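**Q** Note that the numbering used here has the sequence shown beginning at 976, numbered continuously upward.
Just so you know, even glycine gets a beta-carbon here, dropped at the ideal spot from N, CA and C.
Quantities reported herein were computed from a predicted structural model and do not represent experimental measurements.
Next up is a structure, given as structure tokens.
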Amino acid sequence: MIEFIVRARSAPVAADRFLEAIGTGVGVEYLADIVRHAIFVSQGHRKDTKATLVLEKSQFYSRVVELDGSILGSLPDLHERALLQVISDALRAAASLEKNESVCDGRGIKVTAMSFEQLVKSRAEEQVVYVLDTSGQDIRSEQFPEDVVFVMTDHTPMPKNTYKSMARQGVRKLSLGPLMLHAAQCVTIIHNELDRQP
976 MIEFIVRARS APVAADRFLE AIGTGVGVEY LADIVRHAIF VSQGHRKDTK ATLVLEKSQF
1036 YSRVVELDGS ILGSLPDLHE RALLQVISDA LRAAASLEKN ESVCDGRGIK VTAMSFEQLV
1096 KSRAEEQVVY VLDTSGQDIR SEQFPEDVVF VMTDHTPMPK NTYKSMARQG VRKLSLGPLM
1156 LHAAQCVTII HNELDRQP
């Protein structure tokens, strides 16, 4: 399976605050674009792809929101507000989670109370993991396995010590070119490269 992990450092984990944050500069609206580009194609969705959003603005635990194309149920619509409402509903169902607890809603969206660092560490123990960085290996020089994870951030840059920690876990840097792109654009480029891979 292909997984896109997106760290959203300013995105609230409380359901109501998540929706209230639309248009306030914290970037929650970008998450709808990321999900749309990661999971959906014309006339359907990718069953081999997972979009994993790590929302970090919380007094207690971050929330890992997983939309898995292999089990995802029907969604009412794909416009920005509808997708953000789906995420908000999943967050509401996960409001009382303790550390490392999970809940799955009726649409197949799973929410876990887990940190970004813990999530990446767990993936790196079992899969090939890349983090996007303009100084990394060019994507066109890589051959990717079927099970691969791509880590990126929304509009808020990751701290430098995060890159060092991921490097110690075996996470590799991957470049999509010389320009810093929006996360949703990165997802589309990666999908295109993987779709064309022999």
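Pop quiz: A1099 and V1146 are said to be a contact at Cβ under 8 Å. What is the actual Cβ separation, rounded to whole angstroms?
**A** At roughly 6 Å, the Cβ-Cβ gap stays under 8 Å, so A1099 and V1146 are in contact.
**Q** With DSSP run on the structure shown, which of helix, strand or coil describes H1012?
**A** H1012 falls in the helix class under three-state DSSP.
**Q** Rounded to whole angstroms, what's the CA-CA distance from I1165 to Y1105? Just pull it up for me.
**A** So the alpha carbons of these two residues sit roughly 11 Å apart.
**Q** Enumerate in chain order the residues of its own chain whose CB-to-CB distance from A990 is below 8 Å, with the five nearest sequence positions on each side excluded.
**A** Counting only Cβ-Cβ distances below 8 Å, and skipping sequence neighbours, we find S1063, D1064, L1066, R1067 and A1070.
**Q** Within 10 Å of its beta-carbon, does E1185 have 16 or more other beta-carbons around it, so buried, or fewer, so exposed?
**A** As displayed, the chain neither begins before 976 nor continues past 1173, which places residue 1185 out of reach and without an answer.
**Q** Only counting the same chain, and skipping five residues up and downstream in sequence, which positions put a Cβ closer than 7 Å to that of E1083?
**A** Glu is not the amino acid found at residue 1083; the sequence shown has Gly there. For G1083, where only same-chain residues beyond five positions count, the Cβ hits under 7 Å are D1043, I1046, L1047 and G1048.
**Q** For S1033 and V988, what's the separation of their Cα atoms in angstroms?
**A** One C-alpha to the other measures close to 6 Å.
**Q** Would you list, in sequence order, the uninterrupted beta strand (DSSP E) runs of no fewer than 3 residues that lie entirely inside the stretch 1018–1102?
**A** Entirely contained in the stretch 1018–1102, the beta strand (DSSP E) runs reaching 3 residues are, in chain order, 1024–1032, 1038–1043, 1077–1079 and 1084–1088.
**Q** Rounded to the nearest angstrom, how far is the Cβ of E1041 from that of K1085, given a contact under 8 Å?
**A** That belief holds up - the Cβ atoms of E1041 and K1085 are roughly 4 Å apart, short of 8 Å.
**Q** Mapping DSSP to helix, strand and coil, what is I1107?
**A** The identity of residue 1107 in the sequence shown is Leu, whereas the question assumes Ile. Looking at L1107 - three-state DSSP - the assignment turns out to be strand.
**Q** Only counting the same chain, and skipping five residues up and downstream in sequence, which positions put a Cβ closer than 7 Å to that of E995?
**A** Correct list: empty, nothing qualifies.
**Q** Would you say D1129 and Y1036 are within 7 Å of each other, going by their C-beta atoms?
**A** It is not a contact, given that the beta carbons lie outside the stated cut-off.
**Q** Per DSSP, V1123 forms a beta bridge with which residues?
**A** Its beta-bridge partners are I977 and V1103.
**Q** Given 8 Å as the limit, is there contact between the stretch 1007–1026 and the stretch 977–987, that is, 3 or more CB pairs closer than that?
**A** Output reads yes: the stretch 977–987 touches the stretch 1007–1026.
**Q** Assign R1038 to buried or exposed, taking buried as 16 or more other Cβ atoms, counted over all protein chains shown, within 10 Å of its Cβ.
**A** When all chains shown are included, R1038 counts as buried.
**Q** For C1161, would you say it is in contact with chain D, using Cβ-to-Cβ distances shorter than 7 Å as the test?
**A** The chain inventory of the structure shown lacks chain D, comprising one protein chain alone.
**Q** In angstroms with no decimal places, state the Cα-to-Cα distance between M1141 and D1080.
**A** Those two C-alpha atoms are separated by around 30 Å.
**Q** State the DSSP-derived secondary structure class of L1149, mapped to helix, strand or coil.
**A** Note: L1149 maps to strand in three-state DSSP.
**Q** Who pairs with Q1112 in a beta bridge, going by DSSP?
**A** Q1112 pairs with L1149.
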